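Taking it in order: structure first as structure tokens, then the write-up.
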Amino acid sequence: MSEVRVHLAKEILRDLWRHKLQILLSVAVLVTAFAVILVTNMTRGLTAKQNDLMAEEDRLNIEWRHLLLEQGTLAEHSRVASLAMDKLQMGRPLVTTEKVITQP
1 MSEVRVHLAK
11 EILRDLWRHK
21 LQILLSVAVL
31 VTAFAVILVT
41 NMTRGLTAKQ
51 NDLMAEEDRL
61 NIEWRHLLLE
71 QGTLAEHSRV
81 ASLAMDKLQM
91 GRPLVTTEKV
101 ITQP
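Following full-length UniProt numbering, the numbering of the sequence shown begins with 1 at its first residue and continues without gaps.
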């Protein structure tokens with residue numbers, strides 16, 4: 001019986017060439033799977049960042065409302081008048097001491 005010597009490398013290449021479509025599809029599936037993993041990871045990161053930014057926005061809105069209340073309290077006419085009288089010894093001028101200035 002005559003033995004036929006087969007080159008293993010040539011046989012592997014021939015087999016790969018015969019099944020090139022299956023190999024191409026397998027590679028495409030792997031690339032797509034890695035792309036899905038990457039996009040999912042990026043989405044998780046962006047969602048976490050969005051949640052952090054929304055929490056920061058809520059905190060800043062609360063601080064802004066508190067500052068508006070504080071501004072309203074500090075700007076009340078009665079408070080300003082009492083501070084002017086107490087700390088600066090200011091008062092309304094008397095009619096006799098009042099001077100009217102006109103422009104020529």
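All residues carry an ideal CB built from backbone N, CA and C; glycine is no exception.
If you're wondering where the values come from, they're calculated on a predicted model, not measured in any experiment.
Secondary structure of residue i, DSSP reduced to three states
| i | result |
| --- | --- |
| Val-27 | helix |
| Glu-76 | coil |
| Leu-94 | coil |
| Leu-88 | coil |
| His-7 | coil |
| His-19 | coil |
| Lys-99 | coil |
Beta-carbon contacts of residue i that lie in its chain and below 7 Å, excluding the five residues immediately before and after
| i | result |
| --- | --- |
| Val-80 | none |
| Asn-41 | none |
Spatial neighbours of residue i in its chain, beta-carbon cut-off 6 Å, leaving aside the 5 residues before and after
| i | result |
| --- | --- |
| Leu-60 | none |
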